[in-house]
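Below is one structure; the comments refer to it alone.
Number of protein chains: 2
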Amino acid sequence: MNEREELPAIDELRTLLGGRLTTSLPIREAHGRDESWHPVAPPDAVAFATSTKEVSEIVRICAQHRFPVIAFGTGTSLEGHISAPHGGLSLDLSRMNRILEVNAADLDVHLEAGVTRKALNAWLRDMGLFFPIDPGADASLGGMAATRASGTNAVRYGTMRENVLNLTAVMADGSIVHTAHRARKSAAGYDLTRLLVGSEGTLGIITELTLKLYGIPEAIASGVVSFPNFEGAIDAVIETIQTGLPVARIEFLDEVQVEACNRYSKLSLPVAPLLLVEFHGSEASVAEQAERFGFIAGEHGGGAFEWAVKAEERTKLWEARHNSLYAALALQPGKKGLISDVCVPISRLAEAISGTKEDLKSSPLVAPIVGHVGDGNFHLIMLVDPENAAEVAEAQRIHDRMVMRALSLDGTCTGEHGIGEGKRKFLAAEHGEGVAVMHTIKQALDPLNILNPGKMLPA
Amino acid sequence: MNEREELPAIDELRTLLGGRLTTSLPIREAHGRDESWHPVAPPDAVAFATSTKEVSEIVRICAQHRFPVIAFGTGTSLEGHISAPHGGLSLDLSRMNRILEVNAADLDVHLEAGVTRKALNAWLRDMGLFFPIDPGADASLGGMAATRASGTNAVRYGTMRENVLNLTAVMADGSIVHTAHRARKSAAGYDLTRLLVGSEGTLGIITELTLKLYGIPEAIASGVVSFPNFEGAIDAVIETIQTGLPVARIEFLDEVQVEACNRYSKLSLPVAPLLLVEFHGSEASVAEQAERFGFIAGEHGGGAFEWAVKAEERTKLWEARHNSLYAALALQPGKKGLISDVCVPISRLAEAISGTKEDLKSSPLVAPIVGHVGDGNFHLIMLVDPENAAEVAEAQRIHDRMVMRALSLDGTCTGEHGIGEGKRKFLAAEHGEGVAVMHTIKQALDPLNILNPGKMLPA
Ligand SMILES: Cc1cc2nc3c(=O)[nH]c(=O)nc-3n(C[C@H](O)[C@H](O)[C@H](O)COP(=O)(O)OP(=O)(O)OC[C@H]3O[C@@H](n4cnc5c(N)ncnc54)[C@H](O)[C@@H]3O)c2cc1C
Ligand SMILES: Cc1cc2nc3c(=O)[nH]c(=O)nc-3n(C[C@H](O)[C@H](O)[C@H](O)COP(=O)(O)OP(=O)(O)OC[C@H]3O[C@@H](n4cnc5c(N)ncnc54)[C@H](O)[C@@H]3O)c2cc1C
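Structure below.
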């Protein structure tokens, strides 16, 4: 898209938005930067929207001028999602950050897409409610829906797929759609909610969401247990899930990651593969679950099972977990993290991880493994210098092998980070003929290809 | 579609299928009959498919001849779903009834679409596993996915929306799509699984499914409690859900339905509004849940809380619940049941039910109410003589008011039975602009409109 074609769109947008439309280089660059290792192209302009109606007007103008629109939440995605390879507008929703209505009686909340998960939970705390989905970053709820995000609690509470009741979305023609009402279930029509969840800004701009909430559990207990080898840890996870123990969180950190966390978060965990678990329930049921888990861990070589039921210690451990990416990056300052996120059926988890461990043995890369293993989901963080072609190539080799191995184990190329630009090539390997169906849907709902073009679907 | 145009399609199908293609009147009529009060048009022919590949060939032939294809599971749907208003082929999947693979370790099963829920659970029982979704009828898993079915366990285990991992589907052009792999979660591409779940045979023919399974709980406890009025029963439900008690089933029967069940299933329940509940968990947790529920019920005027933990008694009670439609029909032999199914946010449930109770007070109709009330979902069964125009009109008046009331309470026009022919007029009232998006999707994926034409989407 050359300069001459862009200008009228920007002019018209400026008339609509005034100072909330900017072409300032630093702001464009800030919207052309994400948390990934991918080189990201900045947009031509950035708009800060304040209402659904305004988003609709913005999209109409962009459609008229065939000007790409890239929704922007907080820019914490990891696969080059927010890049503007074809130029266009970064549509920043962070100022749409109002919590519109909490229905405590129905355990739901209606809010604008720019509200972040931490802001939401801070707001809810006094009501005894919480929203469980917690990607490591303080992402926007709109961005989380758009990427079908999950996090540490997904094993118990599900992902964004299960926790969105209704979306308000602006479609590519500017029309405003409400995907559902507030009922917990419905058999009325195509599931537009789930079609938009995970569509990465390519089918519509999410402006408002109604989300499920949960009562803060009466009792919460967290614990850590170390294992002599990763196989023991993973076998303990598998048995925990198979026996239906309703664990709320069960996270794996390999010894490389544990050491990184010790340094970064000033902990003194034994440097060995580790599981960090949490149970939610009544006092009695939490105690029962903990006892059962302790037994399972012990059977698989787990060491002393340390409980940290005090809120303070619990918070410290989970903060360290959420900062694990930054802890990993701090191992080799200056490098970027090439992150691979895959998910496999739980029975194949040990195989998936050991394949990658095997690959790493003969590699010079430093690469911790962490995972929401209760879902069969884990991440590899390979530290690379983006300027060092050999290093990048080696990381990509290991990455590709990890993804293809996950697919061969009946898993997915991404459990939660999404496709963006980085994983487009794997979509066909995973979905085969399904990709044609996805193309047909995209073509039908966004015939001008203005919504986040160049993302998700292979060219 | 006139006879001359149909013949070549039928000829070609016969060449492909031999004796598994029939135009016999009794068989066509059996496939033009469902469990609803709707007059249903029989198809021109019935095919019994035996493999995904064959379904693909059938659909290709039908596409070539613009011959409608109506998938048929067990024909237990309630909104005229399987009717053939434009003629065409009833594609019966009941012979695709193989259970292909149980992955006990991953708690999933891969099977053909014609397997029924009872056949599946009979197969699983010895493995200590079960599949929880249980519409009253012994429906096919393909039909259940296609209608986004739920049932008594949905409050704890979710609906078909949450319990399908992967579908194999034949699209309108005959292409075969696998919507996902076996991983528990994925952020890879559009959610084709959820797009097909609930699409009522209008976007693709489901030939195989991978479903989530659950371990049969260590302990199960069922109980019944009667209330002096329905308000008390509903308030007890609301408090149970709001306090996060993980009830597995919580069913409401009003006094009219209780009396019907007493007669039909030879029970001697007090003729008063009643809740039938079930808890799943460990021995200790089930006891704890039961105690808490007993307390809540008591607070809302509930009578003595009778526990029937013995498997035999439990089965008897739940069979009576599953037979409630037939029990209702037996109240006035010869009449049909006009069933209205709505779902509202739980806080609006009492309002939704009392509005209908109010309407019924001044009506001559006999009409029991039953409901999966833990989800805010309930059904009204109005007994009508389809030949009696005044009676049908009165039933439709009450039905329309019940649906529009549910919508005004932020609910849905159908919690689980779906749209079919019967509820098309409500889809626009519920979804507004969303219906245009649904039309666009239908048009893109089935441009010849051969898959179950005349259903779900308003004309
Ligand atoms: C340290 C760290 C840890 C992480 N841990 C996890 C984790 O555990 N689990 C996990 O799932 N992810 C994780 N992530 C990834 C990231 O946080 C998630 O992908 C998150 O959902 C992105 O939200 P965002 O608001 O930052 O979206 P952005 O990065 O701004 O956008 C992401 C994509 O969604 C689109 N989008 C954004 N907002 C909207 C909208 N309103 N409407 C339509 N499209 C929109 C964008 O166009 C883009 O394609 C982590 C990231 C970091 C940096
Ligand atoms: C007594 C009774 C109680 C009931 N209770 C409940 C309940 O509690 N909860 C509930 O949800 N429903 C309930 N129902 C309704 C019914 O059982 C469900 O809708 C069920 O899911 C229908 O399954 P089926 O196999 O009979 O589908 P069918 O009636 O054969 O078909 C239903 C629809 O799905 C389509 N379809 C069928 N198979 C496929 C396939 N393989 N691929 C694509 N499309 C397909 C058909 O074209 C049709 O549009 C009840 C019905 C009765 C008679």
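Quick note, the sequences are listed as chains G and F, same order.
Position in the first sequence (from 1) plus 72 gives the number in the numbering used here.
Position in the second sequence (from 1) plus 72 gives the number in the numbering used here.
Note that beta-carbon positions come from the ideal geometry of N, C-alpha and C, so glycine has one too.
In the DSSP assignment, G214/G falls within the unbroken alpha helix (DSSP H) covering L213 to A218. Here the distance from the Cβ of D518/G to the nearest heavy atom of ligand 1 is not below 7 angstroms. Against M474/G, chain F offers no close residue; the least beta-carbon distance is about 14 angstroms (beta-carbon pairs closer than 8 angstroms). Identification of chain G residues near I491/F by a Cβ-Cβ cut-off of 9 angstroms yields A259, A260 and G261, ordered along the chain. The beta-carbon of Q314/G is placed less than 8 angstroms from the nearest beta-carbon of chain F. Annotation for L89/F: A119 place their beta carbon closer than 7 angstroms to its own, counting only its chain and skipping 5 residues before and after. Note: Y286/G is bridge-paired with F202/G in the DSSP secondary-structure output. The beta-carbon of Y229/F is placed no less than 8 angstroms from the nearest beta-carbon of chain G. Contact check for D106/G against L150/G passes: the beta carbons are separated by less than 8 angstroms.
Counting every other CB atom within 10 Å of its CB across the protein chains shown gives S96/G a total below 16, marking it as exposed.
G487/F belongs to the set of residues whose beta carbon lies under 8 angstroms from a beta carbon in chain G. In terms of CA proximity to R170/G, A121/G leads the group R138/G, M199/G, A217/G and A121/G. For the region 232-248 of chain G, the set of residues with a beta-carbon nearer than 8 angstroms to any beta-carbon of chain F comprises R233, E234, M243, S247 and I248, in chain order.
Within chain G, not a single residue places a beta-carbon under 9 angstroms from that of I368/F; the smallest gap is close to 14 angstroms.
Beta-bridge pairing by DSSP links T387/F to no other residue. Residues of the same chain with a CB within less than 8 angstroms of the CB of H503/F, apart from the 5 flanking positions on each side, are M510 in chain order. Going by C-alpha positions, D482/G is about 33 angstroms away from V358/G. Using a C-beta cut-off of 8 angstroms, the region 184-197 of chain F makes no contact with the region 205-221 of chain G, since fewer than three inter-stretch Cβ pairs fall below that distance. Assignment of K257/G by DSSP, reduced to helix, strand and coil, places it in the coil class. D180/F places its beta carbon 8 angstroms or farther from that of L264/F. Each residue's CA atom was taken as its position, placing T124/G and V445/F some 34 angstroms apart. The residues V249, G276 and L517, in chain order, have a CB closer than 7 angstroms to that of M243/F in the same chain once the five nearest residues on each side in sequence are set aside. One finds Q314, T315 and G316 in chain F with Cβ atoms closer than 9 angstroms to the Cβ of G287/G, taken in chain order.
Under the Cβ distance rule, M216/F does not count among the residues neighbouring chain G, no pair being separated by less than 8 angstroms. In the DSSP annotation of this structure, G483/F is not part of any alpha helix (DSSP H), being labelled neither H nor E. Annotation for V456/F: the continuous beta strand (DSSP E) segment containing it runs N449 to V456. With fewer than 16 neighbouring CB atoms inside 10 Å of its own CB, G91/F falls in the exposed class. Ligand 2 has no heavy atom closer than 7 angstroms to the beta-carbon of H153/G. Distance from the Cα of V227/G is smallest, within the candidate group Q314/G, A369/G and A332/G, for Q314/G. In terms of Cα proximity to L341/F, the closest of E350/F, V330/F and V349/F is V330/F. Of all residues in the region 497-517 of chain F, only F498, L499, E502, H503, G504, E505, G506, V507, A508, V509, M510, T512, I513, K514, Q515, A516 and L517 come within less than 9 angstroms of chain G when Cβ atoms are compared, listed by chain position.
Taking non-hydrogen atoms of ligand 2 into account, the C-beta of S149/F is found less than 7 angstroms away from one of them.
For T251/F, the nearest beta carbon of chain G is closer than 8 angstroms to its own beta carbon. Chain G has no Cβ within less than 8 angstroms of the Cβ of I142/F.
In this structure, A467/G and L432/G do not form a Cβ contact; the two beta carbons are roughly 11 angstroms apart against a cut-off of 8 angstroms. In this structure, A117/G is the residue among A117/G, P111/G and V112/G with its C-alpha nearest to the C-alpha of R100/G.
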